[in-house]
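The working numbering numbers the first residue of the sequence shown as 449 and each following residue consecutively.
Ideal placement from N, C-alpha and C gives every residue a C-beta, glycine not left out.
Given the structure is predicted, the values throughout are model-derived calculations rather than measurements.
Notes to accompany the following structure.
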Amino acid sequence: MLFLIYRKDKPGSLPIRIANYAAHLEYLGPYAASIVVGGPTLGAGAGTGDEDMTGSFLILDAEGWEEAERFIADDPFTKAGLFATVIVDRWKHGKHNDVNPE
């Protein structure tokens, strides 16, 4: 079952993100096969630096809501209070790559 997880950082929380980044990456390790895609979101004027991070987005393949919610709750970023909002929805993968059919 696929879940879309969108987490928006609290304003001014970059120090929390940086302080917990290594623990967050270590936490994700065992989930590598379950994370379809993911990464930080960046602000409108963003370059590529950490200072531009505004949150995170990922698609998680989980057995159900309970597993998805546990994944979020146990993340070091969540435990450190990084996120202002967390949105979780089931997600259905659509295939729309026939933009220029011949």
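Judging by CA-CA distance, which residue of the options is the nearest neighbour of residue i?
| i | options | result |
| --- | --- | --- |
| ASP522 | GLY460, PRO459, LEU452 and PRO478 | PRO478 |
| ILE466 | ASP509, ARG538, ARG455 and MET501 | MET501 |
| ILE453 | GLY529, VAL484, LEU490 and SER461 | VAL484 |
| ALA514 | PRO524, ALA532, GLY491 and ARG538 | Here residue 514 turns out to be Glu, not Ala, going by the sequence shown. Nearest option by C-alpha distance: ARG538. |
| SER461 | VAL534, ALA480, LEU530 and ASN468 | LEU530 |
| SER504 | LYS527, ALA470, ARG455 and ALA481 | ARG455 |
| LEU506 | LEU476, ALA532 and ALA528 | LEU476 |
| PRO488 | PHE451, ASP457 and ILE520 | ASP457 |
Please determine whether the Cβ atom of residue i lies at a distance below 6 Å from any heavy atom of the ligand PLP.
| i | result |
| --- | --- |
| GLU514 | As presented, the structure is devoid of all ligands, the ligand PLP included, so that no description of it is given. |
What three-state label does DSSP hand residue i in the structure shown?
| i | result |
| --- | --- |
| PRO459 | coil |
| LEU530 | coil |
| GLY486 | strand |
Classify residue i: buried if its beta carbon has 16 or more other beta carbons within 10 angstroms, exposed otherwise.
| i | result |
| --- | --- |
| GLY542 | exposed |
| GLY486 | exposed |
| ARG518 | exposed |
| GLY491 | exposed |
| GLY512 | exposed |
| ALA510 | buried |
| ALA516 | buried |
Looking at the strands, I want to know which residues DSSP matches up with residue i.
| i | result |
| --- | --- |
| LEU452 | ILE507 and ASP537 |
Closer than 6 Å by C-beta to residue i: which residues in its own chain qualify, once you throw out the five before and the five after it? Chain order, please.
| i | result |
| --- | --- |
| HIS472 | PRO524 and PHE525 |
| ASN468 | PRO524, PHE525 and ALA528 |
| ILE535 | TYR454 |
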